[in-house]
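*Asks:* Numbering (the numbering used here), first residue to last: 1104 to 1369. No residue lacks a Cβ here, since even glycine has one placed at the ideal position from N, Cα and C. One structure, as structure tokens, below. Some questions next.
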């Protein structure tokens, strides 16, 4: 039996779950690639490559060297550079490729949302008056809030923020989702949070704070998702698994993308 090598670009819950599903097939050998930024990554169900490939050219070289048949970009919706490198490497190497992108959250009645193009715009949107702000952006994306030192920040990240944000008042929480609504509501109330700044990550793992903010009428500033390269796209694990099966069942020349009908934005 021929073994099909699959590379999944991960860092998300969906990537881990998809890797486990595809690894269960007898005709596949699945490898998961992680950026290597998290100090204590979650245990993965397949072999892991950590630290990246050196841009699109390095990734293309890896795909050719390993004889990879299919690559799936299941990185975070905000990992735009990695997604661009993946699309370019897949096109250059001629292998099957698609993206697994969780749909963005959509506002419902009671949400008090404001969108911002980036961290700097979000910091400005907090306004001049001091507020108690909950930041859930990741430790590498906090620098823009140096321009708004009047606020009191509660910052949650998976790994410690080092060095700490150089503002007069900041407190840090370490945590890895999922975070449920009840716990998030207790946190927001206990800390007297007056505004939240977050990414529109989609999915359920970090939606608890959004639902809690709605219940407490707390405004949320959501940083817009970056533009992703044009590619065939799955919006769920089930869709991604079906698209992978289609690609592996097709001759290599016909498996460069999943069916055209599946190409859509999310």
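1. Kindly list the residues whose CB is nearer than 7 Å to the CB of residue 1287, restricted to its own chain and excluding five residues on each side of it in sequence; keep chain order.
2. So, for residue 1248: in the same chain, excluding its five sequence neighbours on each side, which residues have a beta-carbon less than 6 Å away from its beta-carbon?
3. Below 6 Å CB to CB, which residues in the same chain sit around residue 1133 once its five sequence neighbours on both sides are set aside?
4. With a 10 Å radius around its C-beta and 16 neighbouring C-beta atoms as the bar for buried, classify residue 1307 as buried or exposed.
5. Measuring CB to CB, does residue 1081 end up less than 7 Å from residue 1159?
6. Does the region 1223 to 1243 come into contact with the region 1193 to 1206, if we say contact requires no fewer than three beta-carbon pairs (one atom in each stretch) closer than 8 Å?
7. Can you grab the Cα-Cα spacing for the pair residue 1336 / residue 1202, in whole Å?
8. Just curious, the beta strand (DSSP E) that residue 1199 is in, first and last residue?
9. Around the Cβ of residue 1106, are there at least 16 other Cβ atoms within 10 angstroms (buried) or fewer (exposed)?
10. Cβ atoms of residue 1215 and residue 1305: under 7 Å apart, would you say?
11. For the candidate residues 1254, 1146, 1151, 1293, whose alpha-carbon lies nearest to that of residue 1138?
12. Considering only their Cβ atoms, is the gap separating residue 1135 from residue 1350 smaller than 7 Å?
13. Alpha carbon to alpha carbon, what distance is there between residue 1303 and residue 1283?
14. Do residue 1301 and residue 1319 have their CB atoms nearer than 7 Å?
15. For residue 1253, I'd like the list of residues in its chain whose CB is within less than 6 Å of its CB, leaving aside the five on either flank, ordered along the chain.
16. What residue from 1291, 1178, 1164, 1244 has the CA that sits closest to residue 1236's CA?
17. Can you tell me whether residue 1276 is buried or exposed? The criterion is at least 16 other CB atoms within 10 Å of its CB, across all chains shown.
18. For the alpha helix (DSSP H) containing residue 1313, name the first residue and the last one.
19. Considering only their Cβ atoms, is the gap separating residue 1113 from residue 1190 smaller than 7 Å?
20. Considering only the alpha carbon of each residue, which of 1245, 1293, 1280, 1279 lies closest to residue 1273?
21. Taking the continuous alpha helix (DSSP H) assigned at residue 1188, which residues delimit it?
*Replies:* Taking the definition as stated:
1. 1311, 1312, 1315
2. 1226
3. 1109, 1122, 1125, 1126, 1149
4. exposed
5. Only positions 1104 to 1369 of the chain appear in the structure, and residue 1081 is not among them; the question remains open.
6. no
7. 5 Å
8. 1199 to 1203
9. exposed
10. no
11. 1151
12. no
13. 17 Å
14. no
15. 1233
16. 1291
17. exposed
18. 1311 to 1319
19. no
20. 1245
21. 1183 to 1196
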